[in-house]
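Trainee: I'd like to ask you about the structure that follows.
Protein chains in written order, with our numbering: chain F, 908 to 1142; chain Y, 58 to 473.
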């Protein structure tokens, strides 16, 4: 079943007098449990597509259905709710709240989801254990290494049990070894049935996925399955 | 959450807190100080007994020169006082008195400081002055009629000259004249740093024969009960106008006051001070509010990225709005609490200086701000102050919070 159904969407920005077509007539379907990479050089529209998939932005035209719900016509509050319940973001720069400890960072989406404090603590601790950071719960981001920070961010993305995990260059700020650890973690999550969408410009990272969607100049250039997947192993 | 944000920018926050604090401080400080003084006046103003009023030549006033119009008034003479007593039959007591200045009292080789008021009294002047005999007795009518050389001591004189042994029967000297002590009066205690017990009373007739008759006397009237009080004041006015030949329609050429009118006059004065302070403090709080707005706007800009993260994680506009609004409210409230603490300390330092009873911030029984609409105790005023601070926090926090709530999540996430 489709978790994401995008049909003929376009996104146009008005810059001064000029219209910029960031996306033009893009059609994509992503099934539950898929592991997809979105690739493209800068300016290809991949960030715009990612924002669209993450319900941070709405298309100028076309249809975007998320789990059968029409996102294109949603208001800010509905979009916020979808982001909260259905999407787990993982960013290149981790984007943790610097003043809060790991546990509180992971709790944050549950706070906005209206989960009570006790349940919140339990779920957040569980998610941190899941990424092997059970012993770092009360550390602040600046007391954690880059890889640990990204694992906190992944725990935060997982804690609401979202329909998709949307990872934007998750290894971009990490060294190769740490990056591999993170990719291993994604592999595990994939095996546990999570839908993962990876946005990257690195071929090697993209080849961890089963399918690569290549964008160029706002249109889909290629959408193909990966023949020889990179299966990460812990060093 | 809100507290953490405040802690991050210590200097900037403390400067803004100072603004709110000073505003609240001036309100609470002045109100408490004035409340302390009022409280002291109401408790300590026992110059007159209950249901008693006093008629004298000049009005009593705490402020402005009320004497300009009454400067040419004729003295209330002893004869007028006696005529008044003859015609006024409805009163319980009518005392006559006159004050003869500040004297030094001598006893053997001891002497007091020159701070003792010499007062001439009639027999009924004792109850109307609220004087209770402690030792010995008051004057008799005979002593007053015969201008006897006897005296009754206020407790201040007793403490100074007769620490050991009874003063009764002793001889004291004032301006070279000898008086036999026949009684002492119970102390009334200090009042706003003064002493109400530093006096020495001799018969009015004695005083007038020694110091001259050309002076105005005070007539003190005690009514039988509270109900007849206002009627007796009116009756007294009428009698005295007749005695002093005041033409109909002309203003009284004498003044009547009671403890109530004294308290009312003082309250009128403090009310003006309070209203003035309130006005200035409100302006200070508005200025502080602008400071809060400023610090919140800076905070929103600094935390743009955080706002983006929160929105990506599912925070709605309302969530973000409430977060920043509660920060600015908590912020103003902290300033308010600081102001209340500092103000209460200032107000009660006044209590300490004037040896008046203190008014603690949680006091809820003494009204320290009375307006025609509402009266507030210290506790009430503090609660109002906190509510007002919260209000300032909301008013000046709304725009920054609204700005935060409407940030575009994509732009915010990209913000470095």
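Note that the Cβ used here is the ideal one computed from N, Cα and C, for glycine as well.
1. From F/1079, F/1072, F/932, pick the residue whose C-alpha is nearest to that of residue 1094 of chain F; which is it?
2. Would you grab the beta carbon distance between residue 1121 of chain F and residue 1128 of chain F for me? Rounded to a whole angstrom, and I think it's under 8 Å.
3. In whole angstroms, give me the CA-to-CA distance for residue 389 of chain Y and residue 398 of chain Y.
4. Taking 8 Å as the CB-CB cut-off, is residue 466 of chain Y touching chain F?
5. In this structure, how does DSSP classify residue 995 of chain F when only helix, strand and coil are distinguished?
6. Are there 16 or more other CB atoms within 10 angstroms of the CB of residue 1142 of chain F, so buried, or fewer, so exposed?
7. Determine the direct distance from the alpha carbon of residue 945 of chain F to that of residue 1109 of chain F, and round the result to whole angstroms.
8. Hey, is residue 1020 of chain F's beta-carbon within less than 8 Å of any beta-carbon in chain Y?
9. With H, G and I counted as helix, E and B as strand and the rest as coil, what does DSSP make of residue 167 of chain Y?
10. Tell me which residues of the segment 970-986 of chain F have at least one Cβ-Cβ distance to chain Y shorter than 7 Å, keeping chain order.
11. For residue 309 of chain Y, tell me which candidate among Y/90, Y/437, Y/129 has the shortest Cα-Cα distance.
12. Taking only the alpha-carbon atoms, compute the straight-line gap between residue 1136 of chain F and residue 1117 of chain F and give it to the nearest angstrom.
13. Taking the Cβ atom as the reference point for each residue, do residue 152 of chain Y and residue 277 of chain Y lie within a distance shorter than 8 Å?
14. Which term fits residue 474 of chain Y, buried or exposed, when burial requires 16 or more other beta carbons within 10 angstroms of its beta carbon?
15. Can you tell me whether DSSP reads residue 347 of chain Y as helix, strand or coil?
16. What residue range is occupied by the uninterrupted alpha helix (DSSP H) comprising residue 958 of chain F?
17. Near residue 458 of chain Y, which residues of its chain fall below 6 Å by C-beta distance, leaving aside the five closest residues on each side in sequence?
18. Report the CB separation of residue 911 of chain F from residue 970 of chain F in whole angstroms; it is logged as a contact under 8 Å.
19. In terms of residue numbering, what span does the alpha helix (DSSP H) encompassing residue 381 of chain Y cover?
20. Could you tell me whether the Cβ of residue 352 of chain Y comes closer than 8 Å to any Cβ of chain F?
21. Less than 8 Å between the CB atoms is what I'm expecting for residue 356 of chain Y and residue 454 of chain Y, so what's the real figure, rounded?
22. Closer than 8 Å is the cut-off here; do at least three beta carbon pairs connect the segment 406-421 of chain Y with the segment 326-343 of chain Y?
23. Helix or strand or just coil, what does DSSP make of residue 158 of chain Y?
24. Are the C-beta atoms of residue 366 of chain Y and some chain F residue less than 8 Å apart?
25. Under 8 Å Cβ to Cβ from residue 1092 of chain F, same chain only, skipping five residues before and after it: list those, please.
26. Per DSSP, residue 113 of chain Y is paired with what?
27. Give the straight-line distance between the Cα atoms of residue 1044 of chain F and residue 1010 of chain F, rounded to the nearest whole angstrom.
28. Is it right to say residue 72 of chain Y is buried, meaning 16 or more other beta carbons lie within 10 angstroms of its own, or is it exposed?
29. Among residues of its own chain, excluding the 5 on either side of residue 464 of chain Y, which ones have a beta-carbon nearer than 6 Å to its beta-carbon?
30. How big is the Cα-Cα spacing for residue 426 of chain Y and residue 109 of chain Y?
31. For residue 1024 of chain F, is the classification buried or exposed, using 16 other Cβ atoms within 10 angstroms of its Cβ as the cut-off for buried?
32. Any heavy atom of the ligand MN closer than 7 Å to the Cβ of residue 409 of chain Y?
33. With a threshold of 6 Å on Cβ separation, who are the neighbours of residue 217 of chain Y within its own chain once the five nearest residues in sequence on each side are excluded?
34. For a contact meaning CB atoms closer than 9 Å, what does residue 99 of chain Y contact in chain F?
35. Tell me, please, whether the CB atom of residue 996 of chain F is closer than 8 Å to any CB atom in chain Y?
36. Since residue 374 of chain Y meets chain F, which of its residues come closer than 9 Å, beta carbon to beta carbon?
Mentor: Quick look at the numbers:
1. F/1072
2. 5 Å
3. 14 Å
4. yes
5. strand
6. In this predicted model, residue 1142 of chain F has a pLDDT of only 45, less than 50, meaning its place in the structure is not dependable; the value taken from the coordinates is given anyway. Burial call: exposed.
7. 10 Å
8. yes
9. strand
10. 983, 984
11. Y/129
12. 7 Å
13. yes
14. Nothing in the structure corresponds to residue 474 of chain Y, since chain Y is present only between 58 and 473.
15. helix
16. 953-960
17. 378, 381, 382
18. The pair is not a contact, with the Cβ atoms about 11 Å apart (cut-off 8 Å).
19. 374-410
20. no
21. That pair is no contact at about 10 Å.
22. no
23. strand
24. yes
25. 1038, 1058, 1061
26. Y/312
27. 5 Å
28. exposed
29. 364
30. 27 Å
31. exposed
32. The ligand MN is not part of the structure shown, which contains no ligands of any sort.
33. 169
34. Residues of chain F passing the Cβ test: none, with the nearest at roughly 51 Å.
35. yes
36. 983, 984, 987
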